[in-house]
């Protein structure tokens with residue numbers, strides 16, 4: 015969570031403990047009326063290519079009713095929306111969960127905070143060869159995403175199904191070095207999140223993020239396991255640059271997403287593979 019966009023962004027990497035704390039704790043709750051703008055306010059929102067583009071067309075239409083004009087900037091690489099936001103190339107983004115943002119803040123010193131949840135897309139184990147976990151053979155080659163937060167997430171799916179065991183106390187950023195039991199001698203192949211789903215024909219199975227599974231032509235019928243939805247820590251959200259979270263347009267943006275019209279489009283587009291999370 016692969017084509018690369020032509021846009022390239024560079025960023026001075028500065029660690030900021032305050033930014034890390036803020037990114038983990040900040041969540042704006044909107045209960046007051048949604049502000050309207052006497053003159054149209056325009057913003058750019060970074061999203062990932064694919065099904066979410068359809069959802070955000072509806073969000074933009076809802077926001078337009080309050081005078082907020084949304085231009086979506088579409089990315090094909092998970093690393094780029096935060097770079098663009100930090101540089102001021104966009105005003106907000108909507109593609110990530112908190113463990114991913116926390117890791118990005120620690121690595122790059124980003125000043126980014128979440129302001130409103132969108133949905134949760136349970137990561138799943140997909141295969142074209144088997145119908146059940148019990149059929150996965152000894153020595154099977156299983157692909158997992160190689161970015162820190164999603165690799166740990168993928169390994170927990172494999173652990174939940176009894177294929178591996180991670181050492182006690184392993185956090186959400188588990189890696190293959192944390193595997194202490196591997197009874198079927200499974201080979202874990204670490205691949206880019208955007209590649210792992212498309213490599214399914216060359217693998218016995220792969221743990222794939224929902225958005226990349228859909229882009230890779232995988233469906234629920236190819237999924238033999240997934241992480242639980244209840245109490246899932248990987249809810250995606252809208253994020254903005256620290257210092258912008260209390261601006262009126264942010265309130266309108268979040269409220270424009272969190273409504274029944276958008277939820278209906280969300281449910282139509284994702285067909286149960288994603289769940290609204292607000």
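In my numbering, the protein residues as written are 15 to 292. The beta-carbon is built from N, C-alpha and C at its ideal position, and this holds for glycine as well. Being a predicted model, the structure only gives us computed values, none of them experimental.
Residue-level contact to chain B via CB, residue i, 8 Å cutoff
i: residue 258; result: Note that chain B does not occur in the displayed structure, where there is just one protein chain.
Residues sharing a beta bridge with residue i, DSSP
i: residue 220; result: 140 and 157
i: residue 131; result: 251
i: residue 180; result: 193
i: residue 60; result: 87 and 107
i: residue 269; result: BP columns for residue 269 are empty, so no partner.
i: residue 290; result: 133
i: residue 71; result: Per DSSP, none; premise fails for residue 71.
i: residue 240; result: 138
i: residue 201; result: 155
i: residue 82; result: 55
i: residue 126; result: 255
Residue i burial status per 10 Å Cβ neighbour count (16 or more: buried)
i: residue 181; result: exposed
i: residue 233; result: exposed
i: residue 55; result: buried
i: residue 45; result: Residue placement at residue 45 cannot be trusted, given a pLDDT of 45 that sits under 50; what the coordinates show is reported in the next sentence. It is exposed - the Cβ of residue 45 has fewer than 16 other Cβ atoms within 10 Å.
i: residue 39; result: Because residue 39 sits at a pLDDT of 40, beneath the cut-off of 50, its placement in the model cannot be relied upon, and the following sentence gives the value as read from the coordinates. Label assigned to residue 39: exposed.
i: residue 260; result: exposed
i: residue 265; result: buried
i: residue 245; result: exposed
i: residue 118; result: buried
i: residue 285; result: exposed
i: residue 287; result: buried
i: residue 282; result: exposed
i: residue 200; result: buried
i: residue 100; result: buried
i: residue 126; result: buried
i: residue 76; result: buried
i: residue 136; result: buried
i: residue 188; result: buried
i: residue 43; result: At residue 43, the pLDDT of 42 sits below 50, so the modelled position is not reliable and the matter cannot be decided from this model.
i: residue 253; result: buried
i: residue 278; result: exposed
Identity of the residue in the options nearest residue i by Cα
i: residue 292; options: 176, 154, 273 and 285; result: 273
i: residue 5; options: 138, 85, 154 and 87; result: Beyond the ends of the chain as shown, which are 15 and 292, falls residue 5; an answer cannot be given.
i: residue 64; options: 55, 89 and 54; result: 89
i: residue 224; options: 201, 204, 95 and 248; result: 248
i: residue 220; options: 109, 75 and 156; result: 156
i: residue 186; options: 171, 175 and 176; result: 171
i: residue 94; options: 80, 84, 85 and 110; result: 110
i: residue 120; options: 96, 80 and 82; result: 96
i: residue 175; options: 276, 188 and 242; result: 242
i: residue 80; options: 279, 263, 276 and 278; result: 263
i: residue 202; options: 84, 237, 238 and 154; result: 154
i: residue 140; options: 239, 86 and 179; result: 239
Distance cut-off 7 Å: residue i Cβ against heavy atoms of the ligand FAD
i: residue 79; result: Only the bare structure without any ligand can be found here, which leaves the ligand FAD out of the picture.
Q) Between the region 87–107 and the region 54–65, are three or more C-beta pairs nearer than 8 Å? A) In short, these stretches touch, since the Cβ pair count reaches three.
Q. Below 8 Å, can you find three or more Cβ-Cβ pairs linking the region 185–202 to the region 131–145?
A. By the Cβ criterion, the region 185–202 is not in contact with the region 131–145, since fewer than three pairs of Cβ atoms, one from each stretch, lie closer than 8 Å.
Q) At a cut of 8 Å, does the region 67–83 reach the region 215–222 through at least three beta carbon pairs? A) Below 8 Å, too few C-beta pairs join the region 67–83 and the region 215–222 to call them touching: fewer than three.
Q. Is the region 151–163 in contact with the region 108–117, if contact means three or more CB pairs nearer than 8 Å?
A. By the criterion of at least three beta-carbon pairs nearer than 8 Å, the region 151–163 is in contact with the region 108–117.
Q) Does the region 265–279 come close enough to the region 134–146 that 3 or more CB-CB pairs lie under 8 Å? A) With a cut-off of 8 Å on Cβ pairs, the region 134–146 is not in contact with the region 265–279, counting fewer than three such pairs.
Q.
With a threshold of 8 Å, are at least 3 pairs of Cβ atoms found where one atom belongs to the region 222–242 and the other to the region 201–212?
A. These segments touch.
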